[in-house]
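Numbered according to the numbering used here, the sequence shown spans residues 142 to 550. Yeah, the Cβ is synthetic: ideal placement off N, Cα and C, and Gly gets one too.
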Amino acid sequence: MALALVGLILVAGPPAPTGSHEPGSPAAAAASGAPSTNPASTSPPASPQPSLPAPAGSGIEPGSVNRTSIDLVATYDAAVNLSFDARRIHVDEAISVTNASGGAVDRVELNTIAAPLGNLRLLGTEVDGRPVEATVRDQTIVVPLGGILPDGASVALRVRFRAAIPSTLSGSNWMFTRTGDILQASRWLPWVGLRHPFGRPNHGDPFFTALSPSVRVRITTDRRLVIAAPGRRVAVDGLTQTFEAENVRDFHIVASPSFAIRERRVGDWVVRAYVRGGFPTEKVLDWAADGLQRMSELAGEYPYRRFTIAQTAGGYALEGPGMIWISTGLTGSRLRWNVYHETAHQWFYGLVGSDGALDPFADEAVATHLGQVVSGHLALADVRDASPRPVDLPIQHRLLLQPDLPARR
Ligand SMILES: [Zn+2]
């Protein structure tokens, strides 16, 4: 997220001021699985079918182990009805899960911001075609498998829910809102992760989600919308648009009836900005292109073909795989910083996944440092409590920086 210019400083301190300031930002730290396992390297299961027929032979065996894992390889196929005008979303999601954790699991934990922010209501959950009683706890849907899923076995889940989309940017709502004519939704699609409390200041991302080899989302809207999403749009049929993405940790969308798309080719990459009139598009494209190129030299080549920049109604800047959010109204050095910082998150949390709740040093700290090195924004925050702290504090002991730092060069 947008950390304002945070330094890599490990400071703890009182909560940052809220209001129009942009305190550090929540980094979208989704994270991936434990570094010891590479979920993407296991054989991905075939893409689930939209209407999820129950497999003939279920991989579930009798028993219980009271265990789940982040090392579950999941593919997602969701049919979404999105009412922009009524601010409602209805999702029918098929998830194919293969256990790559090295041991049995008996539940799957799905992260969704629609639970704490959208008053999510489950409409039914199935495991291999059998209804199960899933529960919503904070930002997590806990799906009992009704038995154990051995290591290497697969299971098909289906989750249906509806949620209301907030109309303001206050608190954490900016992560899931339709404010004015821009809808912005982060981490709305229930996604394999581990349970962490959602309670958050706006400068931390208490999420830990696993990398998925394949995601397909079909969004049917109540009116014509231009939708920014990770990956690529593969089909349009009337008001239904289908998107696909590979190797992503979440699937943010930003949509507006008034977006224009500005595109620039940067080497083999296509950088696309979804913007309304008045947005400083050229500058933002310049900085994003510079960041992609120079960060690729320092941290390894940006692996996606596309890089999407979406203008949001407000709140904080935010990263997602292959995508960044830039808030309306950001200007000057704050705008420039946020473009570089969110771009740096493509590597740290994006490619190098981590637990954004427990190990923010592996996400915000490194993304801030890379952003500083490449952008030249070396000024650090106005640290209010500079007492030394351990580097591996969880997000609750967040770093706090002041947002408005002038660039030094
Ligand atoms: Zn950040």
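Residue of the options minimising C-alpha distance to residue i
i    : options                   : result
A551 : S437, E483 and V356       : Given that the chain is displayed from residue 142 to residue 550, the structure contains no residue 551 and the question cannot be resolved.
G334 : N207, L251 and E404       : L251
T318 : I230, S474, A235 and P421 : I230
N222 : G372, L492 and Q382       : Q382
F225 : R336, P398, W478 and V375 : P398
V268 : T253, T239, T361 and G259 : T239
Y481 : T309, W332 and M464       : M464
A503 : N479, L476, W478 and P535 : P535
A220 : E387, P501, D409 and L380 : L380
S308 : L298, A326, P291 and G293 : A326
R357 : W332, H337, R341 and S210 : W332
S237 : I211, T266 and L298       : L298
S311 : A454, G408 and T509       : A454
N207 : A386, Y443 and D247       : D247
L324 : A227, S495 and P444       : A227
E385 : R373, D391, H486 and H393 : R373
P462 : R435, V493, L471 and D427 : V493
T253 : I306, G408, P501 and R417 : I306
V232 : D409, L476, T509 and T361 : T361
L264 : P257, V277 and L476       : V277
D322 : T469, D409 and I201       : T469
T509 : L499, S495 and H486       : H486
D500 : D346, R364 and D427       : D346
I201 : P257, L258 and V273       : V273
Separation of residue j from residue i, as counted between CA atoms
i    : j    : result
Y415 : V395 : 9 Å
R413 : T449 : 5 Å
P180 : P354 : With a pLDDT of only 33 at P180, under 50, the local geometry of the prediction cannot be trusted, and no value is derived from it.
T320 : S205 : 45 Å
V389 : G473 : 31 Å
V377 : R447 : 19 Å
N260 : R359 : 22 Å
G512 : G270 : 46 Å
I467 : D292 : 41 Å
V375 : P531 : 46 Å
D533 : V507 : 13 Å
G419 : L471 : 12 Å
E505 : E460 : 11 Å
A294 : E387 : 22 Å
R365 : L476 : 29 Å
I211 : D218 : 19 Å
V283 : L330 : 14 Å
D409 : R435 : 14 Å
L258 : V411 : 33 Å
R417 : D427 : 17 Å
S495 : D363 : 37 Å
Residue j beta carbon less than 8 Å from that of residue i
i    : j    : result
R83  : F302 : Nothing in the structure corresponds to residue 83, since the chain is present only between 142 and 550.
A304 : A245 : no
S199 : V300 : no
V367 : F400 : yes
F348 : G243 : no
P203 : D279 : no
N406 : T422 : Correcting the residue type first, residue 406 is Arg in the shown sequence and not Asn. No, the Cβ-Cβ distance between R406 and T422 is not below 8 Å.
V249 : T209 : yes
A235 : V214 : no
S313 : R336 : no
Y445 : S437 : no
Rounded Cβ spacing between residue i and residue j (contact assumed at less than 8 Å)
i    : j    : result
W315 : Y457 : 7 Å
A440 : W488 : 5 Å
A275 : T266 : 4 Å
A370 : F392 : 7 Å
CB contact below 8 Å: residue i versus chain D
i    : result
L499 : Absent from the structure: chain D. Only one protein chain is present.
Distance cut-off 7 Å: residue i Cβ against heavy atoms of ligand 2
i    : result
H510 : Ligands in the displayed structure: ligand 1; ligand 2 is not one of them.
contact_flag[the region 506–516, the region 429–441] where n(CB pairs < 8 Å) is 3 or more:
The region 506–516, when compared against the region 429–441, does touch it at the 8 Å Cβ threshold.
Check whether the region 352–369 and the region 280–292 are in contact - that is, three or more C-beta pairs closer than 8 Å.
No, the region 352–369 does not touch the region 280–292.
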